[in-house]
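Residue numbers (the numbering used here): 417 to 720.
Cβ atoms here follow ideal geometry from the backbone N, Cα and C, with glycine treated the same way.
Please read all numbers here as calculations on a predicted model, not as lab measurements.
Taking it in order: structure first as structure tokens, then the write-up.
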């Protein structure tokens with residue numbers, strides 16, 4: 417009996433300390449979760465602010481204020497480092513002085529001092545040129561999806577890299593601005609793989625169109641594909657088999673169009689004139705060949 421009482425007394429002396437430790441643990445866990453939640457909200461706010469000022473500087477074509485938002489070790493999925501990347505931006509702004517951007521954040525994934533931000537971006541602008549000795553306005557349209565990679569340094573977020581997922585761009589002159597032009601190509605292929613690129617056009621049947629399809633690897637300075645134009649069939653669809661490069665470079669499927677129309681001068685005379693030009697592109701991400709993958713075949717059991 418005395419032993420049972422002793423055990424009860426010991427239990428009563430131990431139990432309060434256990435309950436106190438449990439309560440302390442619960443309080444500690446709640447405090448930790450509260451702090452984590454506060455830090456997460458603060459990081460989200462800082463990242464949203466980063467993209468807000470990034471969009472502001474980009475639309476102002478302010479290269480001096482845009483550059484400090486990137487780390488010196490920045491590199492994108494096309495292998496462009498910070499210097500090359502900003503040289504390509506500057507050359508784009510020289511060609512299109514009113515190019516404007518919009519950026520929509522789709523998701524944010526934070527892992528300590530690193531973050532990945534998936535976005536959808538659009539860009540529009542105009543280029544003044546001449547077509548058949550007449551001044552014309554070219555329109556640039558671009559829509560892309562990608563992931564910005566961020567790093568936090570001294571409590572500030574910076575862009576350390578980019579991974580491009582998709583990108584479709586077009587440069588349209590004259591009547592091409594009012595036509596439905598679509599280029600179809602796979603988003604990803606293996607290095608050296610053959611893929612089909614299809615160009616579809618919705619145009620007036622009386623319109624005569626010459627077109628070509630090629631591919632352009634992503635280098636700087638960029639090259640211009642040289643391919644002979646040929647008549648687009650009545651189906652208004654043009655296809656070509658393309659062999660992806662084996663240089664471990666991403667590329668664009670590129671289609672070029674020259675649009676001509678007939679103008680009646682009188683009952684017996686007419687004039688054929690150039691009505692528009694177009695260049696449409698779609699990103700094709702090329703996966704390099706991995707020479708370090710080996711699958712060993714299992715040896716079959718010998719027959720008894």
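Residue 539 versus 528, 580 and 584, residue with shortest Cα-Cα distance: Counting from one through the chain shown, the residue named residue 539 turns up at place 123. If we check each option's Cα against that of residue 539, 584 comes out closest.
Does residue 455 pass the burial test, meaning 16 or more other C-beta atoms within 10 Å, or should it be called exposed? Taking the chain shown and counting its residues from 1, the one referred to as residue 455 is at position 39. Taking a 10 Å sphere around the C-beta of residue 455, we find fewer than 16 other C-beta atoms and assign the residue as exposed.
Report, in whole angstroms, the separation of the C-beta atoms of residue 695 and residue 586, which I expect to be a contact under 8 angstroms. In the chain shown, residue 695 corresponds to position 279, counting from 1. In the chain shown, residue 586 corresponds to position 170, counting from 1. With 8 angstroms as the limit, residue 695 and residue 586 qualify as a contact, their Cβ atoms being about 7 angstroms apart.
Environment of residue 647 [buried if 16+ CB atoms lie within 10 Å]: Numbered from 1 along the chain shown, position 231 holds the residue referred to as residue 647. Label assigned to residue 647: exposed.
Taking just the CA atoms, how far does residue 457 sit from residue 653? For the purposes of this step, residue 653 is taken as residue 237 along the chain shown, with counting starting at 1. For the purposes of this step, residue 457 is taken as residue 41 along the chain shown, with counting starting at 1. Rounded to whole angstroms, residue 653 to residue 457 spans 50 angstroms at the Cα level.
Just list the beta strand (DSSP E) runs in the region 562-642, keeping only unbroken ones of 3 residues or longer that don't cross its boundaries, in chain order. Runs of beta strand (DSSP E) with 3 or more residues, each lying fully within the region 562-642, are found at 572-590, 596-600, 604-606, 610-618 and 624-633, listed in chain order.
7 angstroms CB neighbourhood of residue 552 in its chain, flanking five on each side removed: What you label residue 552 is simply residue 136 of the chain shown in a count that begins at 1. Beyond the five residues adjoining it in sequence on each side, residue 552 comes within less than 7 angstroms, by CB distance, of 545, 546, 589 and 590 in the same chain, given in chain order.
According to DSSP, which residues form a beta bridge with residue 513? Within the chain shown, numbered from 1, the residue matching residue 513 stands at position 97. None, per the DSSP bridge assignment.
What's the call for residue 578, buried or exposed, on a 16-neighbour Cβ count within 10 Å? Position 162 of the chain shown, counted from the start, is the residue given in the question as residue 578. Result: buried.
At least 3 beta-carbon pairs within less than 8 angstroms: the region 668-680 vs the region 499-517: At 8 angstroms Cβ cutoff, the stretches do not touch.
Since residue 480 is in the alpha helix (DSSP H), which residue starts that stretch and which ends it? Here the question's residue 480 lines up with position 64 in the chain shown. 479-482 is the extent of the alpha helix (DSSP H) around residue 480.
Span of the beta strand (DSSP E) around residue 653: Translated into positions along the chain shown, residue 653 becomes position 237. Per DSSP, residue 653 belongs to the beta strand (DSSP E) from 653-659.
Could you give the first and the last residue of the continuous beta strand (DSSP E) run that contains residue 662? Within the chain shown, residue 662 is the residue found at index 246, counting from 1. Premise fails: residue 662 is in no beta strand (DSSP E) and is neither H nor E.
If I follow the unbroken beta strand (DSSP E) through residue 490, where does it start and stop? The count along the chain shown starts at 1 and reaches residue 490 at position 74. Annotation for residue 490: the continuous beta strand (DSSP E) segment containing it runs 486-492.
Could you tell me the alpha carbon to alpha carbon distance between residue 436 and residue 486, rounded to whole angstroms? Reading the chain shown from its first residue, position 20 is the one you call residue 436. Reading the chain shown from its first residue, position 70 is the one you call residue 486. Bear in mind that the predicted position of residue 436 carries a pLDDT of just 49, short of 50, making it too unreliable to give a figure here.
Residue 638 burial status per 10 Å Cβ neighbour count (16 or more: buried): Within the chain shown, the letter at position 222 stands for residue 638. Around the beta-carbon of residue 638, fewer than 16 other beta-carbon atoms lie within 10 Å, marking it exposed.
Cα-Cα separation between residue 725 and residue 555, rounded to whole angstroms: For the chain, the structure presents residues 417 to 720; residue 725 sits outside this window and is missing.
Going by CA-CA distance only, name the one from 563, 570, 674 and 466 that's closest to residue 529. Within the chain shown, residue 529 is the residue found at index 113, counting from 1. Comparing Cα-Cα distances from residue 529 to each of 563, 570, 674 and 466, the minimum goes to 570.
CB contact flag (residue 542, residue 514, <8 angstroms): Position 126 of the chain shown, counted from the start, is the residue given in the question as residue 542. Position 98 of the chain shown, counted from the start, is the residue given in the question as residue 514. Their beta carbons are under 8 angstroms apart, which means residue 542 touches residue 514 by this criterion.
Is there contact here, the region 623-638 with the region 653-673, by at least three beta-carbon pairs under 8 angstroms? Taking a contact to require three or more Cβ pairs closer than 8 angstroms, the region 623-638 and the region 653-673 qualify as touching.
Assuming contact is defined by CB atoms lying nearer than 8 angstroms, are residue 562 and residue 575 in contact in what I supplied? Translated into the one-based positions of the chain shown, residue 562 becomes position 146. Translated into the one-based positions of the chain shown, residue 575 becomes position 159. No, Cβ-Cβ distance for residue 562 and residue 575 is not below 8 angstroms.
Measure the alpha-carbon distance for residue 707 versus residue 469 and round it to whole angstroms. Here residue 707 refers to the residue found at position 291 of the chain shown. Here residue 469 refers to the residue found at position 53 of the chain shown. Taking the straight line from one Cα to the other gives about 43 angstroms.
Coil, strand or helix - residue 647 by DSSP: Numbered from its first residue, the chain shown carries residue 647 at position 231. Reduced to three states, the DSSP call for residue 647 is strand.
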